[in-house]
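Student:
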Amino acid sequence: MKSQLIGFLVNFWISFSLALYFHSGEREEKCIIEDVPSDTLVIGNYKVQRWDIHKQDFLESAPGLGMIVTVTAPSAEVLLSKLYGPQGTFSFTSYLSGEHVICLQSNSTRFVAFAGSKLRIHLDIRVGEHFLDESVVQAKDKVDEVNFRLEHLIEEIHHVSKEQNYEREREEKFRKTSEETNSNILWWAIVQTLILISIGIWQMKSLRDFFISKKLV
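This is the structure we're talking about:
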């Protein structure tokens, strides 16, 4: 029981889930950005429904409706581009750390039966989640079950360590950027000061030469 509780708490802590919904028009592409570390599994579940904007109510589903899911890596490489149905699950594994762009677009215009009808897309993104198949666990004896759950917990701990390393890398990058910015600001202030001093000296010399030429001094 204790090991199950620990596993649940670890799963709750490290499994990042982003659930949202948004409206989409006729063949309109909607994109979100997920910042994930390298070698991380990302799973997305979506469901598309027709939505009447005026009545604020769901309508019957449109026949033949499909969604094109496209995932682009930080290097601009397309990791996934596939046509799914009105409800589905997609997944990909990142090989680079950084911002991954996930886009969804309808492949049909037949759902626009009348004005005011749009698509409501419910999207659930899970990052770094490792599923524990309870049917497999129940089929094992007690010793194998403990070993299986322990291996699963070790995988989750490795993922936590990877997330922490990625956060440290981002923090280090942000710190270097901040230091470079502060250094540039300091040098710019020094340059401005030197320019002002030079202009002041030049103005004083010009005034002195003017007064001498006019024999005022």
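Quick note, the sequence shown lines up with residues 1 to 217 if you use the UniProt record's numbering. Even glycine gets a Cβ: it sits at the ideal position worked out from N, Cα and C.
1) Would you tell me roughly how many angstroms separate the C-alpha atoms of ILE33 and LEU196, rounded to the nearest one?
2) Assign SER178 to buried or exposed, taking buried as 16 or more other Cβ atoms, counted over all protein chains shown, within 10 Å of its Cβ.
3) With THR93 as the anchor, note down where its beta strand (DSSP E) starts and where it stops.
4) When the cut-off is 7 angstroms and only beta carbons count, does LEU150 lie next to chain E?
5) Among GLY98, GLU151, VAL127, PRO86, which has the Cα closest to the Cα of ILE121?
6) Alpha carbon to alpha carbon, how far is ALA70 from GLY44?
7) For VAL78, does the count of other Cβ atoms within 10 angstroms reach 16, so buried, or fall short, so exposed?
8) Which same chain residues, not among the five before or five after ARG208, have their C-beta less than 7 angstroms away from its C-beta?
9) According to DSSP, simplified to helix, strand and coil, what is LYS82?
10) Please report the residue range of the beta strand (DSSP E) in which ASP35 lies.
11) Rounded to a whole number of angstroms, what is the C-alpha to C-alpha distance between PHE8 and ARG126?
12) What's the gap between the Cα of SER75 and the Cα of MET67?
13) Please report how far the alpha carbon of LEU194 lies from the alpha carbon of LEU186, in whole angstroms.
14) Looking only at its chain, what residues have a beta carbon closer than 7 angstroms to the beta carbon of ILE201, apart from the 5 residues adjacent to it on each side?
15) Could you give the distance in angstroms between the alpha-carbon of VAL112 and the alpha-carbon of ASP124?
16) Apart from the five residues just before and just after LYS47, which ones in its own chain have a Cβ nearer than 8 angstroms to its Cβ?
Tutor: Looking at the coordinates:
1) Approximately 46 angstroms, taken between the alpha carbons.
2) Counting Cβ neighbours within 10 Å, SER178 comes out exposed, since fewer than 16 surround it.
3) DSSP places THR93 in the uninterrupted beta strand (DSSP E) bounded by 87–93.
4) You won't find chain E in this structure, because it holds only one protein chain.
5) Comparing Cα-Cα distances from ILE121 to each of GLY98, GLU151, VAL127, PRO86, the minimum goes to PRO86.
6) Looking at the sequence provided, one finds Thr at residue 70 rather than Ala. Going by C-alpha positions, THR70 is about 12 angstroms away from GLY44.
7) Counting the other CB atoms within 10 Å of its CB gives VAL78 a total below 16, which places it among the exposed residues.
8) So the list is empty, once near-sequence residues are dropped.
9) Of the three classes helix, strand and coil, the one that applies to LYS82 here is strand, per DSSP.
10) Secondary structure note for ASP35: its beta strand (DSSP E) is the uninterrupted segment 29–36.
11) Confidence at PHE8 is low in this model, with a pLDDT of 42, below 50, so the placement of that residue should be treated as unreliable; the coordinate-derived value is given next. When rounded, the separation of the alpha-carbon atoms in PHE8 and ARG126 is 16 angstroms.
12) For SER75 and MET67, the distance between alpha carbons rounds to 24 angstroms.
13) Rounded to the nearest angstrom, the two C-alpha atoms are 13 angstroms apart.
14) Taken in chain order, the list of residues that qualify is empty.
15) Reliability of the predicted coordinates at VAL112 is poor, the pLDDT of 48 falling under 50, and the value obtained from them is presented with this limitation in mind. Per the coordinates, the alpha-carbon of VAL112 lies some 25 angstroms from the alpha-carbon of ASP124.
16) Taken in chain order, the residues that qualify are PRO86, GLN87, ILE121, HIS122.
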